[in-house]
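Engineer:
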Amino acid sequence: MSPFPARSSRQKILWLSVVTLLYIVSIIRFDFLQGPPMWDEIHFWETSLLFSDRLIPSAADFEQYHELSTPLPFMIFGALEYFFHQGLFAGRLLSLTLFMAIAFIIGWPTEEKKGRSIRCLIGLCLCTSYLSLNGRLYTEMITCTFVLLGVASYIKNRHLLSAIAFIAAIACRQYMVVFPAAIALCEFITAFQSPTQPPNSSSQPLSGWNLHQRWILPAIATATLFGWIIFFGGLAPAAALSDKSIPVVQQALWQIQPGGAIHGLASVGGYIVIPELLLFSLLVSFKKLLIPRRKIAIIAAILLAYMIAFPPAFNGLGRLIAITLKLPHPLLGLALFYALALLACIRFSQPSLMAFVVLFNTIIMTKAYPWDKYVLPVAVFFWYLRAYGLEDRFTISFNKQPIAKIRSVE
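Position 216, counted from 1, in the sequence shown is what my numbering calls 301; the numbers after and before it change by one each time, with no gaps.
1) Is the distance from the Cβ of A453 to the Cβ of V443 below 8 Å?
2) Helix, strand or coil for L222? Go by DSSP, reduced to three states.
3) Just to confirm the assignment: which complete beta strand (DSSP E) runs, minimum length 3, are found wholly within the region 147-214?
4) Using CA atoms only, rank isn't needed, just tell me which of Q96, L419, L222 and Y108 is closest to L389.
5) Less than 8 Å between the beta carbons of F433 and P397, yes or no?
6) Can you list, in chain order, the residues of its chain whose CB lies under 7 Å from that of I127, leaving out five sequence neighbours each side?
7) Keeping to the same chain, check which residues put their C-beta closer than 8 Å to that of C212; ignore five residues upstream and five downstream.
8) Can you give the Cα-Cα distance for L135 and Q149, rounded to whole angstroms?
9) Which parts of the region 100-147 are runs of the alpha helix (DSSP H), unbroken and 4 residues or longer, counting only runs that do not cross its ends?
10) Is it buried or exposed for S180, if we count other Cβ within 10 angstroms and need 16 for buried?
11) From what residue to what residue does the alpha helix (DSSP H) around P303 run?
12) Tell me which same chain residues have a C-beta within less than 6 Å of the C-beta of A306, skipping the five on either side of it?
13) DSSP three-state call for L412: helix, strand or coil?
14) Mind checking Y473: buried by the 16 CB within 10 Å criterion, or exposed?
15) Can you tell which of T447, H297, G318 and L99 has its C-alpha closest to the C-alpha of H151?
16) Are at least three pairs of beta-carbons, each pair with one atom in the region 110-127 and one in the region 220-229, less than 8 Å apart?
17) Per DSSP, which residues does W456 bridge with? Please list them.
18) Kindly list the residues whose CB is nearer than 7 Å to the CB of W456, restricted to its own chain and excluding five residues on each side of it in sequence; keep chain order.
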């Protein structure tokens, strides 16, 4: 129960206070967006300058492109430099602006959110990358904005707009393929197991294109990843993959690091499940997940066997690995990762849209360098659904009963 009624102006005052504080802290912390480039900003800015000479990039620009991720954010940063000639400041300001926009979309109190908005915003802020990467010339805020537009449009039944947003998200980072892929799978199951089931109780039965566009359009968005693979001749440009400092797991198309799945699950457990339990009275609901003790025991055993066979690497970046390295014994670090991963498995053990997102993200993390920040788009996706109370409405039942109960937000 929220301490303030959903319609109360006090909630909006609280939102304004929280976001204003975040804005002020970000501005001061990052030297009013005027400081010298730090960390990845150094080579991100060099890459952005490749696209600053013209609005439409040339083939020569892409020949010099050497980042591991897809290029849309750098094209946007380059366009800002083309128009305004403000250096790093313009890109950092865009990042901070999008940070505020995400906070507004998820956290602004409305009738539909029923008092959940502020808690969801706090939950998102507990994903530390959301706070640490805003106001920087990083790609995360642009990427997360497109992911948020994609899921928001999908919830409102704007499926073409949703597909376009997810295409743009994949053009920012290849990993964003998990979101349209999860939606396409859910809608595909719905269309072919319950072809006349309406998306909500007040809708007329769907058929034909109105039904099948719900999975065809996100499937098309998903397929654009293969377009980038063809364009690059691999998962990333050859110039980027030739760098000897690139992790081995990212150098070859079929090279994987199975232990990365444990890191991905642990990040979901630490940055999404635990904040949800702390912010919402979900203890009773979580206990319900534990009722089928046999299922939980099977999940725990399979996860333990997998982790023994493919332990996570502790040579990546992020708070989880930093905490693990400070523990007195490596086994304690493995126990921490196991507990967090198991928490994520239990929380998302029921087939649903969010469960498919977690599943696909876990798979894709076997191709990623271990880094906590990769969970940020998943957190944005989750907290948007949670703000509207929609996450549980996507639960899928593999029987003859209605499969997906989806309520659009108008």
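Glycine residues also receive a C-beta, built at the ideal position from the N, C-alpha and C atoms.
These numbers come from a predicted model, not from an experiment.
Structural biologist: Working from what's here:
1) No, the pair does not count as a contact, with Cβ atoms beyond the cut-off.
2) In the structure shown, the three-state DSSP call for L222 is coil.
3) At a cut-off of 3 residues, not a single continuous stretch assigned as beta strand (DSSP E) sits fully inside the region 147-214.
4) For L389, the nearest C-alpha among the options comes from L419.
5) No; because the gap between Cβ atoms is not below 8 Å, this pair is not in contact.
6) Hits under 7 Å: none found.
7) The residues are Y356, I357, P360, V460, L461 and A464.
8) In this structure, the alpha-carbon of L135 lies about 8 Å from that of Q149.
9) Counting only runs of 4 or more residues that sit fully inside the region 100-147, the alpha helix (DSSP H) segments are 126-134, in chain order.
10) Result: buried.
11) First-last of the alpha helix (DSSP H) with P303: G293 to F317.
12) Excluding positions up to five away in sequence, the list reads A248, F251, I252 and P265.
13) DSSP, read as helix, strand or coil, puts L412 in coil.
14) Taking every protein chain shown into account, the CB of Y473 has 16 or more other CB atoms within 10 angstroms, so this residue is buried.
15) With distances taken between CA atoms, H151 lies nearest to G318 out of T447, H297, G318 and L99.
16) The way I'd put it, the region 110-127 does touch the region 220-229; three or more beta-carbon pairs between them come closer than 8 Å.
17) W456 pairs with L402.
18) Taken in chain order, the residues that qualify are G401, L402 and G403.
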